[in-house]
Amino acid sequence: MNLKKLLQDTTGNLLVKKWKSIEKGDIVSIEDDMLPEVLRIQAEGFKNGSSEKLIRYSKNSKNIFYVMKSKDEIVGYCVYYLKPAISLKGFEKKSVISSIATDKNFRGRGFAERLLRISTEEMKVNGISSVLLYVNINNLPAIYLYKKIGFRKIKKVKNICGQKESCYEMELRLT
Ligand SMILES: CC(C)(COP(=O)(O)OP(=O)(O)OC[C@H]1O[C@@H](n2cnc3c(N)ncnc32)[C@H](O)[C@@H]1OP(=O)(O)O)[C@@H](O)C(=O)NCCC(=O)NCCS
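For the record, in the sequence shown the residue sitting at position 117 is 117 according to full-length UniProt numbering, with numbers rising by one throughout.
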């Protein structure tokens with residue numbers, strides 16, 4: 001792991017300590033036995049998804065690794081990491097969506113929307129000022145989903161969603 005990642009993980013892990021959980025019904029924090037199913041959904045949803053990253057988050061940031069269940073089946077997940085940010089307002093805690101996906105057989109039923117609404121509500125309770133994400137400019141289902149939740153496009157960036165790919169950085173302000 002490079003130094004930047006190590007630093008990011010360490011500060012993120014510190015921020016996620018003392019995390020306050022809210023009542024989330026059928027959304028739970030990841031457990032080790034859920035990982036194979038979550039990795040399967042990731043592989044189905046992304047050409048170049050990094051399973052290594054999800055495994056690391058599932059060990060270090062369980063509280064902000066949300067798994068959506070329906071009748072005891074895992075139907076989707078959303079995983080964040082936290083990062084400190086300095087702005088004109090002073091020290092802020094921000095979060096970034098590292099990955100989100102719904103099982104192909106369960107898409108279009110509002111599961112990702114529910115995951116995002118509840119998890120961002122919990123972010124707000126924990127003093128997170130804004131949620132960021134990066135989405136490929138061609139991923140229209142995801143862009144529509146994020147817009148529906150209230151995310152706004154901030155800028156277009158290259159090489160974050162893959163080599164020579166363009167994506168939008170989007171933000172949801174919580175405060
Ligand atoms: C993007 C993704 C997570 C959406 O999951 P989902 O559970 O099917 O989404 P929901 O059913 O909660 O949809 C909520 C809203 O998102 C938008 N949306 C979702 N799928 C859409 C589609 N195929 N076309 C257009 N809009 C869509 C709509 O605004 C929808 O609201 P509506 O039903 O009132 O129109 C899913 O398609 C997926 O896993 N894709 C592969 C992985 C991926 O691309 N992740 C995002 C990476 S940035």
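No residue lacks a Cβ here, since even glycine has one placed at the ideal position from N, Cα and C.
Cβ pair residue i, residue j closer than 8 Å
i, j, result
"Lys148", "Glu113", "yes"
"Leu174", "Thr120", "yes"
"residue 176", "Tyr77", "Nothing about residue 176 can be reported from this structure: the residues present for the chain run from 1 to 175 only."
"Asn126", "Trp19", "yes"
"Val131", "Leu172", "yes"
"residue 176", "Val157", "Summary: the structure shown does not reach residue 176, with the chain confined to residues 1 through 175, and so no result is reported for it."
"Thr11", "Pro84", "yes"
Residue i - DSSP class collapsed to helix/strand/coil
i, result
"Gly12", "helix"
"Ile118", "helix"
"Lys124", "helix"
"Lys17", "coil"
Rounded Cβ spacing between residue i and residue j (contact assumed at less than 8 Å)
i, j, result
"Leu133", "Phe151", "7 Å"
"Arg65", "Ile30", "In the sequence as displayed, the identity of residue 65 is Phe instead of Arg. Yes, Phe65 and Ile30 are in contact; Cβ-Cβ is about 4 Å, under 8 Å."
"Leu115", "Met170", "At roughly 16 Å, the Cβ-Cβ gap does not stay under 8 Å, so Leu115 and Met170 are not in contact."
"Leu35", "Ser58", "6 Å"
"Ile118", "Lys94", "About 19 Å separates the two Cβ atoms, so there is no contact after all."
"Ser50", "Val79", "About 11 Å separates the two Cβ atoms, so there is no contact after all."
Can you give, in chain order, each stretch of the beta strand (DSSP E) that sits fully within the UniProt domain "N-acetyltransferase" (25–175) and has at least 3 residues?
-> 27–29, 65–70, 73–87, 90–102, 128–136, 152–158, 166–173
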